[in-house]
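Here is the structure we will look at.
Written out as structure tokens, the structure is:
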């Protein structure tokens with residue numbers, strides 16, 4: 002209950018400090034069965050005006066991508082099984098299939114990028130693997 | 056705008072925001088929270104037992120916070136939950152005064168959301184130089200397409216955009232002095248949210264913030280005495 006109160010207080014008394022500074026920005030990468038690392042989320046080369054208008058009303062994929070960014074930031078600040086599981090489950094659903102999944106968080110800054118977190122191997126898909 | 060009209064408009068707009076985001080979650084198969092949320096939001100929009108509906112939606116908002124261990128969509132979730140909190144208190148308030156205080160709190164927070172956001176940018180040298188906005192396009196996770204990253208090199212344009220945003224946000228409270236000024240300011244603010252939706256995919260923020268606009272329109276009339284028998288100022 003105390004945890005819920007702590008989560009609720011920022012909604013009741015918001016800080017409203019949007020983009021106060023532009024800090025390191027996470028990307029989630031994954032690999033299956035020790036293969037090459039791939040980006041968990043991508044973005045198209047271009048988004049036309051029609052798609053922008055449509056996304057005003059319907060944008061579930063992008064909003065999930067933003068949630069993965071939040072989870073990645075939380076994971077680096079205060080690691081919890083919840084954040085690990087949210088990222089694992091959403092990657093697993095996106096890629097389908099089964100195997101042993103690893104993910105890592107690559108934080109981009111003005112002059113480069115660095116890996117700040119790498120998960121343990123996690124089974125996904127068919128049980129027992 | 057009367058208090059009752061502002062309350063009703065806020066209920067309708069926050070319902071639309073909840074239906075929009077709820078539908079996105081339902082497409083992910085997340086029925087347990089968002090199925091009831093969409094149904095109750097539809098009821099609230101139709102005006103069915105609004106005093107109960109807002110409390111149910113508030114409780115579902117808390118459940119969502121617990122489920123995702125925080126907001127799913129950052130500030131937009133906070134704004135919707137704040138709006139639901141204020142509506143719920145307004146409906147449960149023992150007197151008209153306390154009901155008005157609840158809606159006033161939402162209005163003040165809406166104005167602060169612009170002012171504080173502008174103030175923290177004004178104090179940051181990276182924002183004043185346009186460097187921060189350049190960074191947003193260059194390496195942040197927000198631009199919706201790779202093509203938009205090219206804007207990071209348009210330093211002069213980004214400097215102008217940065218200052219336009221900073222000055223608008225910091226000056227926003229001044230619009231409370233005049234009804235017409237507030238209407239214009241909210242129109243500009245809505246366009247600002249729209250551009251954030253286009254460039255950064257922050258579509259939920261559009262609906263969350265617009266949902267609180269009726270409260271501020273009513274509040275402005277209330278404090279300037281144009282819409283109340285007993286002006287506060």
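Protein chains in written order, with this note's numbering: chain A, 2 to 130; chain B, 56 to 288. Backbone N, C-alpha and C fix where the C-beta goes; we use that ideal spot for every residue, glycine too.
| Asked | Found |
| --- | --- |
| Any non-hydrogen atom of the ligand HEM within 7 Å of residue 120 (chain A) CB | The ligand HEM is not part of this structure, which contains no ligands at all. |
| Contact set for residue 170 (chain B): own chain, Cβ-Cβ below 6 Å, skip 5 residues either direction | 227, 228 |
| At least three beta-carbon pairs within less than 8 Å, the segment 101–110 of chain B to the segment 74–92 of chain B | no |
| Closer than 8 Å to chain B by CB, residue 3 (chain A) | no |
| Where residue 191 (chain B) meets chain A, residues with beta-carbon distance less than 8 Å | 20, 23 |
| 8 Å Cβ cutoff, residue 18 (chain B) in contact with chain A | Residue 18 (chain B) lies beyond the residue range present for chain B, which begins at 56 and ends at 288; the question has no answer from this structure. |
| Short CB-CB distance (under 8 Å) between residue 194 (chain B) and chain A | yes |
| In chain order, each alpha helix (DSSP H) run of at least 4 residues that lies wholly inside the segment 78–119 of chain A | 82–96 |
| Check whether residue 203 (chain B) and residue 192 (chain B) have beta carbons under 8 Å apart | yes |
| Nearest-angstrom Cα separation, counted from residue 122 (chain B) out to residue 92 (chain B) | 14 Å |
| Through-space distance from residue 3 (chain A) to residue 51 (chain A), alpha-carbon basis | 45 Å |
| Three-state class that DSSP yields for residue 186 (chain B) in the structure shown | helix |
| Cβ-Cβ distance between residue 255 (chain B) and residue 197 (chain B) below 8 Å | yes |
| With 16 other Cβ atoms within 10 Å as the buried cut-off, status of residue 116 (chain B) | buried |
| Option nearest residue 9 (chain A) by Cα separation, candidates B:179, B:130, B:74 | B:130 |
| Selected residue, minimal CA-CA separation from residue 172 (chain B), among B:223, B:270, B:107 | B:223 |
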